[in-house]
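First up is the structure itself, then whatever we jot down about it.
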Amino acid sequence: MEFGAGTPLEEFREQVRAFVAAHAPGYKVRSGVRSPENAAELKELQNWTARLYAAGYVGADWPVEYGGVPGHDPLRDFVVGEEVARARAPMPAGGGSLAAHALIGFGTEEQRRRYLPRIRSGEDLWCQLFSEPDAGSDLASLRTVAVRDGDEWVVDGQKVWTTNGHWAGHGYLLARTDPQAPKHKGISAFVLDMRAPGVQVRPLRELTGTSDFNEVFFDGVRLPADALIGAPGQGWLIANASLAKERNGVGASVVQLQLAWEDLVRDARGVVLDGRPALECDDVRQRLAAFRAEVDTCALLAHTSLARWSAGKEQASDAPITKLYFSELNLRIAEYALELLGRRGVLTEDDPDAVAGGRWQDAYLYARAYTIAGGSSEIMRNIIAERGLGLPREPR
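828 is the number of the first residue of the sequence shown in the numbering used here; add one for each residue after it.
And the structure:
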């Protein structure tokens, strides 16, 4: 999103770009939201997280007393997300940012003093313990329970799709504390020590060959009373409030599409079709041009959503429209890349004949996850229809 040369936001962009170039981790960043692959990458991510917070590029919207920036402009978060994505660098693990906003908005002063500094320093990695096997897009149907027992809460249940769960020291947990209440009302939020007795983390081996997600099981896990964030039954409110604070990913998604298109154009130059570079073929050029138009459309959708949000006029369908458009377009680009590149496009990074180090194979396998994570495309279409267009729900 360009704001015009010489404007304060574009001057800020240049500062961020130079900072990222000087300090970003050196390890290879794969497509999508991924975990460090080993302890060395984890340490680099923690150091990078600390630098971003210390420079005021992340956590700038926190209250000043906890390290935030006075007079923070929320559009700067959008710029940071764009520039980190443009450099193909990772953002700090999202669980820490979500937990921080939950603690800032609803936690006790003691909780803030205990956890916020260690999130900023990168010492504590957090994971998000929301989704369950039968409660992903329908989060309010979660069945993990927390029962009060004297001065403790006892947690039993299961979570899944937990990014960084195998590295995290703390979890931002949603559990049902009142089974008699309506499903949105009986949920509470907690801080979970991932090393507490009864917590079992099982990494999931994915199509990509990596383990970024995890299953997490709770068997009689005991949490102290002060692990509760806010009041009992406020979990749904707290979760939505913390998720609403996450905006830098919007700009990052658009930049990811732009980079994918640029990569595809470059790689098309090296593919020979009918004795000439694929980029000289009319049908290939038409497909690439069509993709570019769609990428620009996604950018306009994201910028419109951001403008309404910053003006306090956000519509219920803004975020779902952008998410749906991005995830489906990202998948189509990856599918076409493999179709165009042929056999070499599906080779993995350890094969010397792979195109672009196996990037397209990895991008294709991960692209399907984007159409599910954060709300499936089917759920997004329902939200757009019902909340955006006011269409009636289908009778059951």
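Beta carbons: idealized from backbone N, C-alpha and C, even for Gly.
Just so we're clear, the structure is a prediction, and the values are computed from it rather than from any experiment.
Neighbourhood of residue i by C-beta, 8 Å cutoff - its chain only, sequence neighbours within 5 removed
i: ALA832; result: Any answer about ALA832 is weak, because its pLDDT of 48 lies below 50 and its placement is not dependable; what the coordinates show is given next. Same-chain partners within the cutoff: there are none.
i: MET828; result: Note that MET828 scores a pLDDT of 47, beneath 50, so its modelled location is shaky; the value from the coordinates is reported in the next line. Answer for MET828: PHE905, VAL906, GLU909, GLY1078, VAL1081, ALA1126, ALA1129, HIS1130, LEU1133, listed in chain order.
i: LEU1156; result: LEU1084, PHE1118, GLU1121, VAL1122, CYS1125
i: ILE1211; result: SER1144, PRO1147, ILE1148, LEU1151
i: ARG940; result: none
Under the three-state DSSP convention, the category residue i falls into
i: GLN1188; result: helix
i: LYS870; result: helix
i: ARG840; result: helix
i: HIS928; result: helix
i: ARG1003; result: strand
i: PRO835; result: helix
i: TRP1088; result: helix
i: PHE957; result: coil
i: PRO944; result: helix
i: ALA848; result: helix
i: ALA967; result: helix
i: ASP951; result: coil
i: SER862; result: coil
i: ALA1016; result: strand
i: PHE830; result: For PHE830, the predicted model reports a pLDDT of 47, less than 50, meaning its position is unreliable and no value from the coordinates is stated.
i: ARG1093; result: helix
i: LEU1106; result: helix
Option in the options with minimal Cα separation from residue i
i: VAL987; options: LEU956, GLN1007, VAL1026, ALA1016; result: LEU956
i: TYR884; options: GLU1176, PRO919, ALA866; result: PRO919
i: GLU1163; options: TRP1187, VAL972, ALA1212, ARG1135; result: Per the sequence shown, the amino acid found at residue 1163 is Tyr instead of Glu. Checked all of TRP1187, VAL972, ALA1212, ARG1135; the closest Cα to TYR1163 is TRP1187.
i: ALA876; options: GLU950, ILE1056, LEU930; result: Inspection of the sequence shows that residue 876 is occupied by Thr rather than by Ala. When each option's Cα is compared against that of THR876, the closest is GLU950.
i: TYR1197; options: ALA1181, GLU1176, ARG1159, GLY1172; result: ARG1159
i: SER1144; options: GLY1217, ASP1053, THR1037, PRO901; result: GLY1217
i: VAL1018; options: GLN985, THR1004, ALA929, THR1035; result: ALA929
i: VAL1026; options: PRO1104, THR1004, GLY984; result: GLY984
i: PHE1045; options: LEU966, GLY898, ARG970, VAL856; result: ARG970
i: GLU937; options: ASP1180, ALA1052, GLU1141; result: ALA1052
i: LYS1012; options: GLN1061, GLY1184, PRO835, SER958; result: GLN1061
i: GLY853; options: ALA845, GLU864, GLN842, GLU868; result: GLU868
i: TYR1191; options: ARG945, LEU1091, ASN1209; result: LEU1091
i: ASN1041; options: LEU1050, LEU1031, ASP976; result: LEU1031
i: PRO944; options: GLY1036, TRP889, ARG1103, PRO917; result: TRP889
i: GLY923; options: ARG913, ARG915, ARG947, ALA912; result: ARG947
i: GLU1205; options: SER1154, GLY1102, ALA914, TYR942; result: SER1154
i: GLY932; options: LYS855, LYS1072, GLU838; result: LYS1072
i: ASP976; options: ASP961, MET1207, LEU1050, ALA848; result: LEU1050
i: ALA1043; options: GLU837, ASP961, MET1021; result: The sequence given here places Val at residue 1043; Ala does not occur at that position. Ranking GLU837, ASP961, MET1021 by Cα distance to VAL1043 puts MET1021 first.
i: ALA848; options: ARG903, LEU902, LEU1115, ALA916; result: ALA916
Span of the beta strand (DSSP E), counted from its first residue to its last, around residue i
i: LEU1050; result: 1041-1051
i: ALA1116; result: No beta strand (DSSP E) contains ALA1116, which is instead part of the alpha helix (DSSP H) from 1109-1137.
i: TYR884; result: Here TYR884 belongs to no beta strand (DSSP E), and DSSP marks it neither H nor E.
i: VAL891; result: Premise fails: VAL891 is in no beta strand (DSSP E) and is neither H nor E.
i: ARG1032; result: Here ARG1032 belongs to no beta strand (DSSP E), and DSSP marks it neither H nor E.
i: ASP1178; result: Element bounds for ASP1178: n/a, residue is neither H nor E.
i: GLU979; result: 979-986
i: ALA920; result: It is not in any beta strand (DSSP E) - ALA920 carries neither H nor E in the DSSP assignment.
i: ALA973; result: 972-976
Separation of residue j from residue i, as counted between CA atoms
i: THR990; j: VAL1098; result: 36 Å
i: LEU1165; j: GLY1202; result: 26 Å
i: LEU1086; j: PRO1059; result: 44 Å
i: LEU1070; j: ASP1178; result: 40 Å
i: TYR999; j: VAL1111; result: 46 Å
i: ASP1039; j: VAL1028; result: 12 Å
i: ARG861; j: GLN873; result: 14 Å
i: PRO1024; j: VAL1048; result: 6 Å
i: VAL972; j: THR1004; result: 6 Å
i: GLU1221; j: LEU966; result: 20 Å
i: ASP900; j: ALA887; result: 9 Å
i: GLN1007; j: TRP1063; result: 15 Å
i: GLY996; j: PRO897; result: 30 Å
i: GLN1142; j: ARG1214; result: 9 Å
i: HIS993; j: GLU959; result: 17 Å
i: VAL981; j: ILE1065; result: 20 Å
i: GLU1176; j: LEU1034; result: 14 Å
i: GLU841; j: ALA882; result: 14 Å
i: GLU979; j: ALA1054; result: 9 Å
i: GLY921; j: GLY1076; result: 10 Å
i: ALA866; j: ARG857; result: 17 Å
i: GLY934; j: SER1015; result: 12 Å
i: GLY1036; j: ASP1189; result: 9 Å
For residue i, the first and last residue of its enclosing alpha helix (DSSP H)
i: ILE1211; result: Careful: ILE1211 lies outside any alpha helix (DSSP H) and carries neither H nor E.
i: PRO1147; result: 1145-1168
i: ILE1065; result: 1062-1071
i: ALA912; result: 902-913
Own chain partners of residue i with C-beta closer than 6 Å, once the 5 adjacent residues on each side are dropped
i: LYS870; result: none
i: PHE830; result: Per-residue confidence for PHE830 stands at a pLDDT of 47, beneath the threshold of 50, marking its modelled position as unreliable; no derived number is given.
Sequence-distant residues of the same chain with beta carbon closer than 7 Å to residue i, five excluded per side
i: VAL1182; result: ASP1094, LEU1168, ARG1171, GLY1172
i: GLY859; result: TYR1193, ALA1196, TYR1197
heavy atom of the ligand ZN below 7 Å from residue i C-beta
i: LYS870; result: What this structure holds is no ligand at all, so the ligand ZN is not there to describe.
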